[in-house]
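Structure first, then comments.
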Amino acid sequence: MRLDRPGRLVTPDAQASRAEAVRDRYRSTLGAVPGGVQDRLRLAREFGRLPTEEALAALRHIVLTDSPLGARVQQLVHFGQLLALGRAHPARIHAQGALHAGAAMADLVGVAETALITAGVPAYALGTEIIAELLTREDHPDAPVHL
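29 is the number of the first residue of the sequence shown in this note's numbering; add one for each residue after it.
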């Protein structure tokens, strides 16, 4: 057992419960908990830094869930920005998040086409690669999803 920053005693059960609450926030926006989040939570618990992950999850909740754009559009914007930045793994996560929030494959195609204009062929190619992977997953719904 250890004390958190405000000086409260943190039991292993309390830490597990708090970490699960963070995971629930990711499940609500993305439909799953990305592997990188699992790794961060493990490290946060090990080094007594769970409040950092809780603060990050709270900020993500405000920006993504309480956005005036709505969850679907917000995830599509995220996907497009990540395509433009060439960030393949997070773009995959947010493409899946957009589908989870009610976007259609055609919406993802539209975002990839917009990325062609704003960020060039590499962004478009990345977008179409991700969409093709998602279509393959639709054809094989029992295949595991790795975020």
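Glycine residues also receive a C-beta, built at the ideal position from the N, C-alpha and C atoms.
inquiry  = By the DSSP assignment, the alpha helix (DSSP H) with Phe107 in it spans what residues?
reply    = On the sequence shown, position 79 is the one that residue 107 refers to. Phe107 -> alpha helix (DSSP H) spans 99-113.
request  = Give me the Cβ distance between Gln102 and Gly59, rounded to the nearest whole Å; I'm assuming they're in contact under 8 Å.
outcome  = Residue numbering aside, residue 102 sits at position 74 when the sequence shown is read from its first letter. Residue numbering aside, residue 59 sits at position 31 when the sequence shown is read from its first letter. Between Gly59 and Gln102 the Cβ distance is about 14 Å, and since that is not below 8 Å, they are no contact.
ask   = Based on Cα-Cα distance, which residue from Ile159, Ser56, Arg51 lies nearest to Val137?
value = Translated into the one-based positions of the sequence shown, residue 137 becomes position 109. Closest by alpha carbon: Ile159.
ask   = Closest by CA to Thr39, which one among Glu157, Tyr54, Asp52, Leu78?
value = Counting from one through the sequence shown, the residue named residue 39 turns up at place 11. The shortest C-alpha separation from Thr39 is found at Leu78.
query = For the alpha helix (DSSP H) that contains His128, what are its first and last residues?
reply = Against the sequence shown, residue 128 aligns to sequence position 100. Per DSSP, His128 belongs to the alpha helix (DSSP H) from 116-128.
Completely contained alpha helix (DSSP H) runs for the region 127-172, where each covers 4 or more residues = Fully enclosed alpha helix (DSSP H) runs of 4 or longer: 133-147, 149-167.
key: From Gly148, Ala153, Met133, Ala147, residue whose alpha carbon lies closest to that of Leu162   = Reading the sequence shown from its first residue, position 134 is the one you call residue 162. Closest by alpha carbon: Met133.
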